[in-house]
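A quick write-up on the structure given underneath.
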Amino acid sequence: MTEPRSPISTSVPPTPPGIIMPPADVSGMTVEMDPVEYTLRKRLPRKLPKRRNDVYVNMKTDFRAQLSRCQKLLEGGGHREICVHGLGLAINRAINIALQLQASSQGALQLAANTSTVELVDDLEPEDPDEAREPMTRTRNNSAIHIKVFYPDPQ
Amino acid sequence: MYSSCGVGVASIQSQFQVRDSVRTYTGPGENTQIPVGSGVTSAWCPVYHIPPYSDQPTCTVNSVCNTQPNPLPTPLTQPPAALKPGQGGFKKVCRTEEDSPCPFPGLAPGVLEMRVKEGSKIRNLMGFAMARMQGDVAGAGGDSGGGSLRQVIFSGSGRAVTKTITCTEIMKRKVGCLHQLTKLRYKGVREVWESQEGGASEMTVHRTIPSISILLSKDPLDPQEPGYQPPETISALWEEREGADVPQTASKRPLSLSPHSSFPDSKRVCLGLEDGALPQSNPQAN
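So, in structure tokens, the structure goes:
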């Protein structure tokens, strides 16, 4: 099995064009509002285990490519189970992949889904380097799903 | 006739694309199947079968029986402008979800089921569900044994799946000690689309969309059931898996979250990152 190690985790651009924080009034001294313009950079999600049979679903890769990758793992790769992970918007696609795998196996595959919360970190970097503002970070939560797609053990 | 149906399907698909902004979502998610019998529109509804993974607006007409002579057969080569939803002229008039059996057999009756739609507000959902689960309304419950529920189901489909999971996660965090059982499946949806020009044609589309149902229970559930998740397994979920495999160094990246996340307000200035352009891509520098 020539499995690409991870097209998901390596192909993340450094920064999407940032969301500009709205300039607030300087006199307000509100810590919440940013007095200057900041660029919002989203850090990558925390790295999770990456085994041969872990598939991290994203929204950039073509759906069929991700689906066929899972199928190859299960059929050609000799894996009895794979784990399909999706975060945020990719939850839908992860579920879709899992259900498609199950449907195409004529009921041989079973699904076991777990949900979790992933803490994400955003960096706020000042646009203007002369201002000597400090970069800030903020954390937020996002939902994730982990679907185990497996052949049940004959008992 | 055939060409007009091409317009119809194309317009629907392009609407999906507009709303979903994910082209490949039209693949399995929009996996359209042949309706068994379209009870909603009996007389003149062409039935389409869109194969999965179809990017092109291909369609198979099963039965086209228009009572009204539909406008002249337009040439097969449609201008691309006709693919736009506004000009395609089909509007969704009705959407019915097919009833599916409860994914959790053997549940006691009277379990609260929260049906999450894509427009539902999380604060509304959680305000209601938390009040019922935490039993603050014990006085109002009266005869139902204290008024505090033991179990709740969150279910949602399509684009509401993410919201459903978010609700579950919030409730698990707030209530604590909740056993969870997650079930995934396809759900059938029948949509009736009506032509806006002339209104002479209608068609029924049968789609299957992914749906999720999550049971949260204060009482223990069967751990052998696929999709079971014991309480407080945020980290255990991964420790168990890491033990079975060689842990990679990348997975150990700490990201030095603890000093930041200990702040109650995440918008605070992060004092640990003062020395210039401390690269976020290298968190071990902290």
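Those sequence lines, one after another, are chains A and Y. According to my numbering, the first sequence is numbered sequentially starting from 1. According to my numbering, the second sequence is numbered sequentially starting from 1001. Ideal placement from N, C-alpha and C gives every residue a C-beta, glycine not left out.
Between T139 of chain A and F1090 of chain Y, the alpha-carbon positions lie close to 43 Å from each other. For secondary structure counted as the alpha helix (DSSP H) over 4 or more consecutive residues, the region 56-117 of chain A holds these complete runs in sequence order: 63-75, 90-104.
Taking the beta carbon of R1132 of chain Y as reference, no residue of chain A falls within 7 Å; the closest one sits roughly 21 Å away.
Against G88 of chain A, the close residues of chain Y are T1162, in the order they occur along the chain (beta-carbon pairs closer than 9 Å). Listed as beta-bridge partners of S1217 of chain Y by DSSP are Y:Q1151, Y:H1179.
Per the DSSP secondary-structure output, F1104 of chain Y pairs with nothing in a beta bridge.
A straight-line Cα-Cα distance of about 4 Å links V1192 of chain Y and T1204 of chain Y. If you check the CB distance, I1165 of chain Y and I147 of chain A do not come in under 8 Å. Here P126 of chain A is bridged, per DSSP, to A:Y38. In the DSSP assignment, the residues bridged to C1094 of chain Y are Y:V1192. Counting only Cβ-Cβ distances below 8 Å, G1135 of chain Y has no contacts in chain A at all, with the closest Cβ about 24 Å away. Look at R1159 of chain Y: its C-beta is under 8 Å from a C-beta on chain A. Excluding sequence positions up to five before and after I1214 of chain Y, its CB lies within less than 6 Å of the CB of F1154, T1168, T1182, all in the same chain and listed in chain order.
The contact set of L1216 of chain Y on chain A, defined by CB atoms closer than 7 Å, is empty, because the minimum CB distance reaches about 11 Å. If you check the CB distance, V1152 of chain Y and L1112 of chain Y come in under 8 Å. With a threshold of 8 Å between beta carbons, G1089 of chain Y makes no contact with chain A. At a cut-off of 8 Å between beta carbons, P1223 of chain Y makes no contact with chain A. In the same chain as D1219 of chain Y, and ignoring 5 residues on each side of it, the C-beta atoms closer than 6 Å to its own belong to R1150, in chain order.
Taking C-beta separations shorter than 6 Å and ignoring five residues to either side along the sequence, the partners of T1096 of chain Y in its chain run R1190, following chain order. Identification of residues in the region 1177-1210 of chain Y having a C-beta nearer than 8 Å to some C-beta of chain A yields Q1180, T1182, K1183, L1184, R1185, Y1186, P1210, given in sequence order.
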